[in-house]
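S.K.:
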Amino acid sequence: MSAAPDHTPTFAKNSITDRIGQAAPYLLVPVLILAGFIAIGAPTSWLTLTVSGLAMGMMIFIMASGLTLVFGLMDIINFGHGAFISLGAFVGVSVLFGLGGWTDAASLPLNIAAILLAILAAMLLTGALAWAFERVIVRPVYGSHLKQILITVGALIVIEEAIHVIWGGEETFLNRPNALRGAVTFAGAALEKYRILAVVVGLAIFFGLRLVLQRTKIGLIVRAGVENPDMVEALGYRLRLVFIGVFIAGSALAGLGGVMWALYEQVITAGMGENMMVLIFIVVIIGGLGSVEGAFVGALLVGLLQNYVAFLEPKLALVSNIGLMTVILLWRPQGMMTVAKGS
Numbered sequence: 023m024s025a026a027p028d029h030t031p032t033f034a035k036n037s038i039t040d041r042i043g044q045a046a047p048y049l050l051v052p053v054l055i056l057a058g059f060i061a062i063g064a065p066t067s068w069l070t071l072t073v074s075g076l077a078m079g080m081m082i083f084i085m086a087s088g089l090t091l092v093f094g095l096m097d098i099i100n101f102g103h104g105a106f107i108s109l110g111a112f113v114g115v116s117v118l119f120g121l122g123g124w125t126d127a128a129s130l131p132l133n134i135a136a137i138l139l140a141i142l143a144a145m146l147l148t149g150a151l152a153w154a155f156e157r158v159i160v161r162p163v164y165g166s167h168l169k170q171i172l173i174t175v176g177a178l179i180v181i182e183e184a185i186h187v188i189w190g191g192e193e194t195f196l197n198r199p200n201a202l203r204g205a206v207t208f209a210g211a212a213l214e215k216y217r218i219l220a221v222v223v224g225l226a227i228f229f230g231l232r233l234v235l236q237r238t239k240i241g242l243i244v245r246a247g248v249e250n251p252d253m254v255e256a257l258g259y260r261l262r263l264v265f266i267g268v269f270i271a272g273s274a275l276a277g278l279g280g281v282m283w284a285l286y287e288q289v290i291t292a293g294m295g296e297n298m299m300v301l302i303f304i305v306v307i308i309g310g311l312g313s314v315e316g317a318f319v320g321a322l323l324v325g326l327l328q329n330y331v332a333f334l335e336p337k338l339a340l341v342s343n344i345g346l347m348t349v350i351l352l353w354r355p356q357g358m359m360t361v362a363k364g365s
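Under my numbering, the residues of the sequence shown are numbered 23 to 365, in order.
1. In whole angstroms, what separates the C-alpha of Ala274 from that of Ala144?
2. Go to Ala212, then tell me how far its beta strand (DSSP E) extends in each direction, as first and last residue.
3. Assign Glu182 to buried or exposed, taking buried as 16 or more other Cβ atoms, counted over all protein chains shown, within 10 Å of its Cβ.
4. I'd like to know if Asn250 contacts chain D, where contact means its C-beta is closer than 8 Å to some C-beta of that chain.
5. Look up Phe93 in the DSSP assignment and give the residues it is bridged to.
6. Given a cut-off of 8 Å, decide if Pro199 and Asn297 are closer than it, judged by their beta-carbon atoms.
7. Determine which residues share a DSSP beta bridge with Thr194 and list them.
8. Helix, strand or coil for Ala321? Go by DSSP, reduced to three states.
9. For Thr360, which of helix, strand or coil comes out of DSSP?
10. Give the range of the beta strand (DSSP E) segment to which Val450 is assigned.
11. List the endpoints of the continuous alpha helix (DSSP H) containing Asp3.
12. Give every residue of the same chain whose Cβ lies closer than 7 Å to the Cβ of Met359, excluding the five residues on either side of it in the sequence, and list them in chain order.
13. May I have the straight-line CA-CA distance separating Lys215 from Thr125, to the nearest angstrom?
14. Straight-line CA distance for Phe112 to Val158?
15. For Ser313, does the three-state DSSP call read helix, strand or coil?
16. CA-CA distance, Ile344 and Gly279?
17. Within this structure, are the beta carbons of Leu196 and Val115 separated by less than 8 Å?
18. Keeping to the same chain, check which residues put their C-beta closer than 8 Å to that of Val289; ignore five residues upstream and five downstream.
19. With a threshold of 8 Å, are at least 3 pairs of Cβ atoms found where one atom belongs to the stretch 235-242 and the other to the stretch 70-79?
20. Does the stretch 88-107 come close enough to the stretch 258-268 that 3 or more CB-CB pairs lie under 8 Å?
21. Over the uninterrupted alpha helix (DSSP H) stretch that includes Pro336, give me the two end residues.
22. How close, in whole Å, do the beta carbons of Val319 and Val51 come, if the pair is a contact with beta carbons under 8 Å?
23. Just to confirm the assignment: which complete alpha helix (DSSP H) runs, minimum length 4, are found wholly within the stretch 125-171?
24. Thinking C-alpha only, which one of Glu255, Leu326 and Val341 is nearest Ile62?
25. Out of curiosity, what's the CA-to-CA distance linking Tyr286 and Gly122?
26. Comparing alpha-carbon positions, which option in Val341, Ile99 and Ala154 lies nearest Leu172?
27. Label Trp353 either buried or exposed according to how many other C-beta atoms from any shown protein chain fall within 10 Å of its C-beta, with 16 as the threshold for buried.
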């Protein structure tokens, strides 16, 4: 019997081309910012638009991050996601109205506390509704995309009508908390205080999600479930419970995003979530199904591009993001950072 041959395992290194390809999506944001600076010309206007675009992108990311995980992990096309955005906005704004003494005070800690309580209430209610929504609406249509679209669109309409019944059908206007009104001046540019806060909140959500997905056991199960659900279940994990948890968390993030968007626009309607779904689906598609990082980059691209184009050529602002999606999908048909699913 001959001895086993000497063999030292070797690992192929990624070529420079492969490494550039992996980094390319992350480079798109600074490239777009630089292109915006060249096209706009005026540094102060460019800085104001860039902060506004980043704030808008962060809020879109908050709303889209839950949907991309639900879409990627559960293979569910949930148009009802928009209803959780609207519901979260109305619940959060109702709490802010009830805490008028805190929001009108010239105290940043009291203002932030009021916003946090509004966000907490919105997330709790939308999370609870999502649990019932998954059991009653979504669970019977697993595996059928056409039925998912029809039934979740129907649920969206029902929830919007319920909002009309509870809060009325008129637009609701609100003021931002006192300490977050107005702008600060930096390098000659006026930067709205609330938009700076939105950037900070968006970054906190992004790094929090990354921490959970990359450094915790539940995050490992979620990522493995996106890539190969059969193997995860074969190892004894109850992936259905993980599905439900992800669905609830994603809907709660939609509620959080609804509160942030309400304070951004300072007006809410029952159809605001439905209107946002176009941008959210664009972000999910160009980012790649199941990829939080892809949704983050995609949301920043959408927010920045819309603000730059609206300043340079307002008539093109409405179609700019469709153009962005077309270009991205021609480059990478599966999205920028799609997560490969197992067979």
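Where a beta carbon is used, it is the ideal one built from N, C-alpha and C, also for glycine.
M.R.: On the basis of the data shown:
1. Residue 274 sits at position 252 when you count from the first residue of the sequence shown. Residue 144 sits at position 122 when you count from the first residue of the sequence shown. For Ala274 and Ala144, the distance between alpha carbons rounds to 7 Å.
2. Residue 212 sits at position 190 when you count from the first residue of the sequence shown. Ala211 to Glu214 is the span of the beta strand (DSSP E), which, as asked, contains Ala212.
3. Translated into positions along the sequence shown, residue 182 becomes position 160. Its Cβ being crowded by 16 or more others within 10 Å, Glu182 is buried.
4. Of the chains in the structure shown, none is chain D; there is only one protein chain.
5. In the sequence shown, counting from the first residue as 1, residue 93 sits at position 71. Partner(s): none; Phe93 has no beta bridge.
6. Stepping through the sequence shown from its first residue, residue 297 is reached at position 275. Stepping through the sequence shown from its first residue, residue 199 is reached at position 177. Their beta carbons are not under 8 Å apart, which means Asn297 does not touch Pro199 by this criterion.
7. Within the sequence shown, residue 194 is the residue found at index 172, counting from 1. Here Thr194 is bridged, per DSSP, to Ile290.
8. Taking the first residue of the sequence shown as 1, we reach residue 321 at position 299. In the three-state DSSP reduction, Ala321 falls in the helix class (H, G or I).
9. Stepping through the sequence shown from its first residue, residue 360 is reached at position 338. When DSSP states are grouped into helix, strand and coil, Thr360 belongs to the coil group.
10. Past the boundaries of the shown model lies residue 450; the chain is included only from 23 to 365, so the question cannot be answered.
11. The question about residue 3 has no answer here: the residues shown for the chain are numbered 23 through 365.
12. Position 337 of the sequence shown, counted from the start, is the residue given in the question as residue 359. These residues qualify, in order along the chain: Pro47, Gly309, Gly310, Ser313, Glu315 and Gly316.
13. Position 193 of the sequence shown, counted from the first residue, corresponds to residue 215. Position 103 of the sequence shown, counted from the first residue, corresponds to residue 125. Approximately 15 Å, taken between the alpha carbons.
14. Numbered from 1 along the sequence shown, position 90 holds the residue referred to as residue 112. Numbered from 1 along the sequence shown, position 136 holds the residue referred to as residue 158. Cα to Cα, Phe112 sits roughly 23 Å from Val158.
15. Position 291 of the sequence shown holds residue 313. Here Ser313 sits in coil by DSSP.
16. As a working note, residue 344 is residue 322 in the sequence shown. As a working note, residue 279 is residue 257 in the sequence shown. Looking at the two C-alpha atoms, the distance is approximately 22 Å.
17. Indexing the sequence shown from 1 puts residue 196 at position 174. Indexing the sequence shown from 1 puts residue 115 at position 93. In contact: Leu196 and Val115 (Cβ atoms closer than 8 Å).
18. Looking up residue 289 in the sequence shown gives position 267. Short of 8 Å from the beta carbon of Val289, and not among the five residues preceding or following it, lie these beta carbons of its own chain, in chain order: Glu193, Thr194, Phe195 and Leu196.
19. Result no; under three Cβ-Cβ pairs closer than 8 Å.
20. Yes, the stretch 258-268 is in contact with the stretch 88-107.
21. Mapped onto the sequence shown, residue 336 falls at position 314. Following the DSSP letters along the chain, one finds Pro336 in no alpha helix (DSSP H), marked with neither H nor E.
22. Reading the sequence shown from its first residue, position 297 is the one you call residue 319. Reading the sequence shown from its first residue, position 29 is the one you call residue 51. The beta carbons of Val319 and Val51 sit about 6 Å from each other, so the pair counts as a contact at 8 Å.
23. Entirely contained in the stretch 125-171, the alpha helix (DSSP H) runs reaching 4 residues are, in chain order, 130-155.
24. The residue you call residue 62 lines up with position 40 of the sequence shown. In terms of CA proximity to Ile62, Leu326 leads the group Glu255, Leu326 and Val341.
25. On the sequence shown, position 264 is the one that residue 286 refers to. On the sequence shown, position 100 is the one that residue 122 refers to. In this model, Tyr286 and Gly122 are separated by some 18 Å (Cα to Cα).
26. To locate residue 172, count along the sequence shown from 1; it is residue 150. Closest by alpha carbon: Ile99.
27. In the sequence shown, residue 353 corresponds to position 331, counting from 1. Its Cβ having fewer than 16 others within 10 Å, Trp353 is exposed.
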